[in-house]
DNA sequence: ATAGTATTTGGTCAAACGTCCAAGGCGATC
DNA sequence: GATCGCCTTGGACGTTTGACCAAATACTAT
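Residue numbers (my numbering), protein chains in the order written: chain S, 175 to 368; chain Y, 175 to 368.
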């Protein structure tokens, strides 16, 4: 209707980004083509190279935006929690809404992989992940964890690995693993007492 | 030379599998083509469909064989160790020989992802992974771990996630994380004592 | 030597790919 | 209502893709 050209353009651009976000997870990073992308977004394929420099640039942009959104959401869980241990457990339980084979989970892993082969994407992802790890490290430090940085690394590795494994074995449940995760985030030194 | 046809054939087939193993990690599962594969293996591209039903079948075969080999090697570390905790730590330190961006690490992750989109591959990977987890669970059970199955799941998720993160941040070191991993594999209940 | 079997070659095929661009559409501005 | 600028279209381009196959080659058995 009363839509200016620029508004229409922004709209189309946004639809392309949404389509990219979905298709990266559904088909895999390298299997997303300009034509499937355009079809999903409801536009003609020529538009891709009007709004973006290249297909790779589109995918990069879409992936980084979505990863940032997911990390921010997750960070909020940590901030609301009464302790880092509780926060990390909330994050883990939150992960159970994904089955490991949905497009959101897979986009995450696909982006990790694509980042090893795309320098610009790698820089973006590194920054986002480092940022998140810093938040986690800081929270653990405040709570008096003896090795907060290592714990943050371990927790994040466990999360992403958990998603990876859920894709293969949907039987994996967060509740089962949660108590063990607490061992990692616990403030006290480990329980070797004899 | 004095090579029978069948021997030559087996040789070529093996070279194709080696090339696939390398290229899946280097280029990504979906970026491996019959022609690059043939070039790397030193054969003509027509041979691919003589020795294998399809390109996907070749990749599947190569990936499963390599994953099985890696898991068997890792299992050996567990068997040689004096306790599951030591074994798991050995496994983690062993992981440090990969930088997360080498073709061996990436092949593993690529195969996880491809398995979510290829039914046959998924079955093969599920079996291998379940098998390995059973070994780990059994070892943890013998050592008296309170929740051996959950611990095995957690350890494996942490391993694969660790590899994933090393691809982005090569600064990650196994030594740093090892003490925290021990918290997970420890026999005793977690250290919440008050 | 001959016939038979397994492997390898070199090329063809249609389909899909990323990128680019001339032309047209369309609301805003004068 | 003409003009301008941004957005969109539809098609073209040169490559690359997986698959397939008839012919050539190499070894084996008769």
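Backbone N, C-alpha and C fix where the C-beta goes; we use that ideal spot for every residue, glycine too.
Residue 183/Y and residue 211/Y have their C-alpha atoms roughly 16 Å apart.
Within the segment 346-361 of chain Y, the residues whose Cβ lies closer than 8 Å to some Cβ of chain S are 346, 350, 351, 353, 354, 355, 356, 357, 358 and 360, listed in chain order. One thing to note: residue 283/Y has its Cβ no nearer than 8 Å to the Cβ of residue 206/Y. Among the residues facing chain Y, residue 287/S is included, as its CB has a counterpart in that chain under 8 Å away. DSSP, read as helix, strand or coil, puts residue 272/S in coil.
Within the segment 192-210 of chain Y, the residues whose Cβ lies closer than 7 Å to some Cβ of chain S are 202, 204 and 205, listed in chain order. The beta strand (DSSP E) runs of length 3 or more contained entirely in the segment 207-242 of chain Y do not exist; there are none. At a C-beta separation below 8 Å, residue 303/S has these neighbours in chain Y: 339, 342 and 343. In the DSSP assignment, residue 190/S falls within the alpha helix (DSSP H) that extends over 179-201. Leaving aside the five residues that flank residue 315/S on each side, the residues in its chain whose CB is nearer than 6 Å to its CB run, in chain order, 322.
Among the CB atoms of chain S, one or more fall inside 8 Å of the CB of residue 335/Y. Neighbourhood of residue 332/Y in chain S, by CB distance below 8 Å: 328, 331, 332 and 335, in chain order.
In the DSSP annotation of this structure, the continuous segment of the alpha helix (DSSP H) that includes residue 316/S starts and ends at 293-316. The criterion of a C-beta distance shorter than 8 Å is satisfied by residue 195/S and residue 281/S. Among the residues of the segment 215-231 of chain Y, none has a Cβ less than 7 Å away from any Cβ of chain S. Under a criterion of Cβ atoms nearer than 7 Å, the residues of chain Y adjacent to residue 290/S are, in order, 275, 280 and 341. With respect to residue 257/S, residue 317/S sits close: the two C-beta atoms are nearer than 8 Å. Around the beta carbon of residue 300/Y, fewer than 16 other beta carbons sit within 10 angstroms, so the residue counts as exposed. Between the beta-carbon of residue 334/Y and that of residue 339/S there is about 7 Å, and that keeps the pair under the 8 Å contact cut. If the five residues before and after residue 218/Y are omitted, its C-beta is found closer than 8 Å to the C-beta atoms of 212, all from its own chain and listed in chain order. Counting every other CB atom within 10 Å of its CB across the protein chains shown gives residue 360/S a total of 16 or more, marking it as buried.
Separation of residue 259/S and residue 227/Y (C-alpha to C-alpha, rounded to the nearest whole angstrom) is 51 Å. Look at residue 346/Y here: in three-state DSSP terms it is coil, with no helix or strand label. Rounded to the nearest angstrom, the gap between the Cα atoms of residue 186/S and residue 229/S is 15 Å. A straight line joining the alpha-carbon of residue 253/S with that of residue 245/Y spans about 38 Å. Inter-residue distance for residue 221/Y and residue 208/Y is about 9 Å (C-alpha atoms, whole angstroms). The C-alpha of residue 223/S is placed about 52 Å away from the C-alpha of residue 261/Y.
Closest by C-alpha distance to residue 248/S, out of 231/S, 233/S, 237/S and 267/S, is 267/S.
In this model, residue 298/Y and residue 331/Y are separated by some 18 Å (Cα to Cα). Nearest CB-CB separation between residue 249/Y and chain S: not below the 8 Å threshold. Check the Cα spacing between residue 272/Y and each of 329/Y, 346/Y and 239/Y: the tightest is with 346/Y.
In terms of Cβ geometry, residue 319/S and residue 325/S form a close pair [threshold 8 Å]. Taking residue 237/S as reference, the option from 354/S, 177/S, 312/S and 289/S with the minimal CA-CA separation is 289/S. DSSP places residue 360/S in the coil class of the three-state scheme, outside both helix and strand. DSSP places residue 285/S within a helical segment (H, G or I) once states are collapsed to three.
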